[in-house]
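*Asks:*
Chains as they are written, first to last, in this note's numbering: chain E, 35 to 419; chain W, 479 to 1138.
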């Protein structure tokens, strides 16, 4: 609300400033020619000065003076003629009033309309300092991280440091850094279930919510060390759900939920979601984009029909990208869809085609390659690079 | 709230720019003074809106608000505050916002200080400025919006390109833009050509003043960019005839031509058509420069993230403004009254000669810049037009022009005497010949061309003051009267003498640094010594070091003069951690006007040694020092009272009819 009030004040002030001349009583103005007369007069004086200083010859000065004088007389004549002609004018008054009205109505309308299309009204500023207070509940977090990073840059063999930093990175959304930190911690301090589960979580977060083969492997290892590790179990359930194995997912999550420990709440809501929706949708935005309506339709269908529908949509996307390969987002969606469906061969094939669609210098090509690598999809080319 | 208000203010600025264009045009048609008077008021209002918008974006950078996409892409919370602020224009979107800010600032200046302009002319000029604002505001809002938001907002940004993390970014782009955009005002005066516009007596003074100011900023901006590239890129060169450099050099050349033809138009009402055309061409070249750099046609540090839609948009702007103004010019030019007559040998004639050479030089640079691009677009063949082309075309064009410069200032208006002028230049000629001979003597076996170049520089520097000498006429009236005459001379006379001398200083630097520089490439182990033009450079060793956001290997050197250490030098290879980007930090030591320049190459595999490139660059600092002198000349000329007043200020309250 405050935003709109301030925006309205800005608009009114800016408009007043711009349209103020229309509010004033009609005023005559010096004509162009009257002003030119002044300038020509000054030029004449300048010639005299230059003549005195000996900068211009006698004859030249005279010719120049005559030239300027001719222009001066012409301008003065025009000015007088205009002065005589002007004076009557009822029409301009009406035009000014119309212009005022148009300005007052159209400028705010245009601004508001365009801004609503382009802007994000009500989206508050999010200065980092304030966010650290609010979201991490620690004003010095950035500074602490900075110190920890500096410490680790100097002592990269300090496993404890990596161990502490890794979950903080994850919380801050620096997933790639978190993966590296966990790997360093494991390398230096050895594997344990917390580090392995953390690594898996970071990998899947970096892959925008897909449990990649690499992540699953980490969870498996964690569970081998401690079979009831809730985090690892929860994400294993997610992996099953993403692989379309609804029964296994439900079984695992039921176990987590029953344990009553950390991840029980998350597991309960995951089961509820599983019951409500198509298994592909439980991946949290990782499935190919499907609008709400189709999703509702899909929920009513039986499993085979669902699968069929999804296959159909993916096939259409595939087909479209053959025709219009210049669409990096489309390619990413297709590769992700094949990964979610567990069809590695097709994913690799899609990646190969995607890579072929862009030139080597195109940044989007690298982007797709990196994206696919995070999902565990590789082509001949990515492995040789 | 602030970022969204900034976005809103930018849209409001667009709406008000429409008012700034439409109302005065209607007013000019119907002869309604109130509608005409809306133009300056709207220009003020637009300026305030854009300034607020720019403030909002800057606030986002300062507070590291990563919910603004542009901030997230180009900033980092740990970046030093200076680079947070300069980062605002260290990227495509922000730099376009700066461009528009300067554009509307100039519009507001015309509005605020245009009291001595006829209202109708002032309104039309501001309307044309408004058209340019509309085009660029649309460009920003539709293709390069700096206020796009991110939800959820990341906690850390991507950092700024390390090459741009330099004090140079704080100075170079704003100066360059002040120059580029300054020519927009000349364009706006020229576009409504005819009885209105630049050709009127008052308009001519404005055009000359703005050209001068814009030219000064452009000179400073180009010099700054050149020095930045010199020390940051580590190639030891200060000018590469790179298309991006040419993009800023072309408006400078044609702007210089415009500056000189505007003098003729102002003082003698001649060359009107030509001046108008030059004003249009100069701003067109500024737009072309923006297009070349921003569209992604050229890849360089300047291209940031390029996007084809932006290129097409700028191309459309380019076609609309250049095409539109040229058509208008074609229609109106024949109606322009021809000005005063003059003989070929006269001040006017000399300025025409200057224009002839400068425009042809602009054309050669234009061809050299665009030809490879066109060829690649049409045939796919990649060629590179480099220094050999420009040395063969641009160089020979400059020589006669530079020889002619001292003559030009000595010739009187309307009809002059070349022989009389030459007589006054005997001193300059003598100094030039001696300078050339001394060069040959010191650098035994120096190329004759280099000696000639040095002579040319000396000729320019000394010749520049011949005009002052003559005007003071010491020999005729004695020292004291001469001195008082000298003091009484208008500042613009000093301005032109200083600027021309600055040109000579730059020429000296360019010739000396090009002809007499020495380059040594040597694999050096700690303790090794390499001779550099009478000095010796000893490699002390290589050591790793950490900066705030980079790590570097620093090579330390000692500069020895006959065995005595006179300076320590450091040259480093840096890697910026956030972007894994390597940069070279050259070691530069200034000895008098000369410089020793050291850059590190690659370490030698398996040995404690590294490839070191050492340059001796004699008089190289004169190149930039000359530019500074040119700018000082510009300031002197601009401060001339006669240029500033233009026409006497009517002493009456605003908006009340004159007493006449």
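Cβ coordinates follow ideal geometry from the N, Cα and C atoms, glycine included. Remember, predicted model here, so these are calculated numbers, not experimental data.
Are the C-beta atoms of residue 623/W and some chain E residue less than 8 Å apart?
*Replies:* Within the second chain, residue 623/W is the residue found at index 145, counting from 1. Yes, residue 623/W counts as interfacial toward chain E.
*Asks:* Go ahead and pull the three-state DSSP assignment for residue 953/W.
*Replies:* Counting from 1 along the second chain, the entry for residue 953/W is found at position 475. DSSP places residue 953/W in helix when its eight states are reduced to three.
*Asks:* Find out if the Cβ-Cβ distance for the pair residue 1074/W, residue 986/W is shorter than 8 Å.
*Replies:* Numbered from its first residue, the second chain carries residue 1074/W at position 596. Numbered from its first residue, the second chain carries residue 986/W at position 508. Not in contact: residue 1074/W and residue 986/W (Cβ atoms no closer than 8 Å).
*Asks:* Name the chain E residues that come within less than 7 Å of residue 480/W, Cβ to Cβ?
*Replies:* Counting from one through the second chain, the residue named residue 480/W turns up at place 2. Here the neighbours are 159.
*Asks:* Give the DSSP-derived three-state secondary structure of residue 762/W in the structure shown.
*Replies:* Position 284 of the second chain, counted from the start, is the residue given in the question as residue 762/W. Residue 762/W falls in the helix class under three-state DSSP.
*Asks:* Roughly how many angstroms lie between the CA atoms of residue 144/E and residue 156/E, to the nearest whole one?
*Replies:* Along the first chain, one-based indexing puts residue 144/E at 110. Along the first chain, one-based indexing puts residue 156/E at 122. Going from the Cα of residue 144/E to the Cα of residue 156/E covers about 19 Å.
*Asks:* Looking at C-beta atoms only, is the number of pairs between the region 653-663 of chain W and the region 1065-1079 of chain W that lie closer than 8 Å three or more?
*Replies:* no
*Asks:* Once DSSP output is grouped into helix, strand and coil, what is the label at residue 917/W?
*Replies:* Here residue 917/W refers to the residue found at position 439 of the second chain. Reduced to three states, the DSSP call for residue 917/W is helix.
*Asks:* Using three-state DSSP, classify residue 154/E as helix, strand or coil.
*Replies:* The count along the first chain starts at 1 and reaches residue 154/E at position 120. In the three-state scheme derived from DSSP, where H, G and I count as helix and E and B as strand, residue 154/E is classed as coil.
*Asks:* Quick one: Cα of residue 579/W to Cα of residue 530/W, how far?
*Replies:* Taking the second chain and counting its residues from 1, one reaches residue 579/W at position 101. Taking the second chain and counting its residues from 1, one reaches residue 530/W at position 52. For residue 579/W and residue 530/W, the distance between alpha carbons rounds to 10 Å.
*Asks:* Going by the C-beta, is residue 479/W closer than 7 Å to any heavy atom of the ligand COA?
*Replies:* Because no ligand of any kind appears in the structure shown, any question about the ligand COA cannot be addressed here.
*Asks:* Taking the CB atoms as reference points, tell me whether residue 237/E and residue 249/E lie closer together than 8 Å.
*Replies:* For the purposes of this step, residue 237/E is taken as the residue at position 203 of the first chain. For the purposes of this step, residue 249/E is taken as the residue at position 215 of the first chain. Yes, Cβ-Cβ distance for residue 237/E and residue 249/E is below 8 Å.
*Asks:* Against residue 632/W, what residues of chain E qualify as contacts under a CB-to-CB distance less than 7 Å, listed in chain order?
*Replies:* Taking the second chain and counting its residues from 1, the one referred to as residue 632/W is at position 154. Within chain E, the residues near residue 632/W are 207.
*Asks:* Taking 8 Å as the threshold, find out whether the region 729-738 of chain W comes into contact with the region 818-837 of chain W through three or more Cβ pairs.
*Replies:* Yes: the two stretches touch, three or more of their Cβ pairs being nearer than 8 Å.
*Asks:* Counting contacts by CB-CB distance shorter than 8 Å, is residue 44/E in contact with chain W?
*Replies:* By 1-based counting over the first chain, the position of residue 44/E is 10. Yes, its Cβ sits closer than 8 Å to a Cβ of chain W.
*Asks:* Between which two residues does the beta strand (DSSP E) containing residue 1021/W stretch?
*Replies:* Position 543 of the second chain, counting from 1, holds the residue named residue 1021/W. First-last of the beta strand (DSSP E) with residue 1021/W: 1013-1024.
*Asks:* Taking 8 Å as the CB-CB cut-off, is residue 527/W touching chain E?
*Replies:* Locating residue 527/W in the second chain gives position 49, where the first residue counts as 1. Yes - at least one Cβ of chain E is within 8 Å of the one on residue 527/W.
*Asks:* I want to see whether chain E comes within less than 8 Å of residue 810/W, judged by CB atoms only; does it?
*Replies:* What you label residue 810/W is simply residue 332 of the second chain in a count that begins at 1. No, because no Cβ of chain E sits closer than 8 Å to the Cβ of residue 810/W.
*Asks:* If you follow the beta strand (DSSP E) that residue 1078/W is in, where does it begin and where does it stop?
*Replies:* Counting from one through the second chain, the residue named residue 1078/W turns up at place 600. Note, residue 1078/W: beta strand (DSSP E), 1072-1081.
*Asks:* Determine, using beta-carbon pairs with one atom in the region 596-606 of chain W and one in the region 127-137 of chain E, whether at least three such pairs fall under 8 Å.
*Replies:* no
*Asks:* Looking at the structure shown, is residue 1045/W part of a helix, part of a strand, or coil, going by DSSP?
*Replies:* Translated into the one-based positions of the second chain, residue 1045/W becomes position 567. Strand.
*Asks:* Starting from residue 86/E, follow its DSSP beta bridges and name the residues at the other end.
*Replies:* In the first chain, residue 86/E corresponds to position 52, counting from 1. In the DSSP output, where bridge partners are listed per residue, residue 86/E has none listed.
*Asks:* Starting from residue 1069/W, trace the beta strand (DSSP E) both ways and give me its first and last residue.
*Replies:* Within the second chain, residue 1069/W is the residue found at index 591, counting from 1. First-last of the beta strand (DSSP E) with residue 1069/W: 1065-1069.
*Asks:* Can you find the residues in the same chain that come closer than 7 Å, C-beta to C-beta, to residue 223/E, ignoring five residues on each side of it along the sequence?
*Replies:* For the purposes of this step, residue 223/E is taken as residue 189 along the first chain, with counting starting at 1. These residues qualify, in order along the chain: 193, 197.
*Asks:* Rounded to the nearest angstrom, what separates residue 931/W and residue 214/E at their Cα positions?
*Replies:* Working through the second chain from its first residue, we reach residue 931/W at position 453. Working through the first chain from its first residue, we reach residue 214/E at position 180. The alpha-carbon atoms of residue 931/W and residue 214/E are separated by roughly 59 Å.
*Asks:* Classify residue 885/W as buried or exposed, calling it buried when 16 or more other Cβ atoms lie within 10 Å of its own Cβ.
*Replies:* Counted from its first residue, the second chain places residue 885/W at position 407. It counts as buried.
*Asks:* With DSSP as the reference, please indicate the residues paired to residue 136/E in a beta bridge.
*Replies:* Your numbering for residue 136/E matches position 102 in the first chain. None; residue 136/E has no bridge partner.
*Asks:* Please report the Cβ distance between residue 56/E and residue 499/W, rounded to the nearest whole angstrom; I am assuming they are in contact, meaning their Cβ atoms lie under 8 Å.
*Replies:* Numbered from 1 along the first chain, position 22 holds the residue referred to as residue 56/E. Numbered from 1 along the second chain, position 21 holds the residue referred to as residue 499/W. Actually they are not in contact, since the Cβ atoms of residue 56/E and residue 499/W sit about 16 Å apart, beyond 8 Å.
*Asks:* Taking the continuous beta strand (DSSP E) assigned at residue 1038/W, which residues delimit it?
*Replies:* Counting from one through the second chain, the residue named residue 1038/W turns up at place 560. That run of the beta strand (DSSP E) goes 1028-1039.
*Asks:* Measure the alpha-carbon distance for residue 36/E versus residue 601/W and round it to whole angstroms.
*Replies:* If you number the first chain from 1, residue 36/E lands on position 2. If you number the second chain from 1, residue 601/W lands on position 123. Whole-angstrom Cα-Cα distance: 36 Å.
*Asks:* Once you ignore the five residues that flank residue 576/W on each side, which residues in its own chain have a CB closer than 8 Å to its CB?
*Replies:* Mapped onto the second chain, residue 576/W falls at position 98. Excluding positions up to five away in sequence, the list reads 532, 566, 567, 651, 652, 655.
*Asks:* Can you pull the chain E neighbours of residue 581/W, defined as C-beta to C-beta under 9 Å?
*Replies:* To locate residue 581/W, count along the second chain from 1; it is residue 103. Going along chain E, no residue has its Cβ under 9 Å from residue 581/W, so there is no contact; the nearest lies around 17 Å.
*Asks:* Return the chain-ordered list of same chain residues with a C-beta closer than 7 Å to the C-beta of residue 853/W, the five sequence neighbours on each side being excluded.
*Replies:* Here the question's residue 853/W lines up with position 375 in the second chain. The answer, listed in chain order, is 859, 861.
*Asks:* Please report the straight-line C-alpha distance between residue 489/W and residue 274/E, rounded to a whole angstrom.
*Replies:* Along the second chain, one-based indexing puts residue 489/W at 11. Along the first chain, one-based indexing puts residue 274/E at 240. The alpha-carbon atoms of residue 489/W and residue 274/E are separated by roughly 50 Å.
*Asks:* Counting only runs that start and end within the region 581-626 of chain W, where is the alpha helix (DSSP H) found for 4 or more residues in a row?
*Replies:* Fully enclosed alpha helix (DSSP H) runs of 4 or longer: 597-621.
*Asks:* Give me the chain E residues within the contact set of residue 544/W, using Cβ-Cβ distance strictly less than 9 Å, ordered along the chain.
*Replies:* In the second chain, the residue the question calls residue 544/W occupies position 66. 160, 162, 165, listed in chain order.
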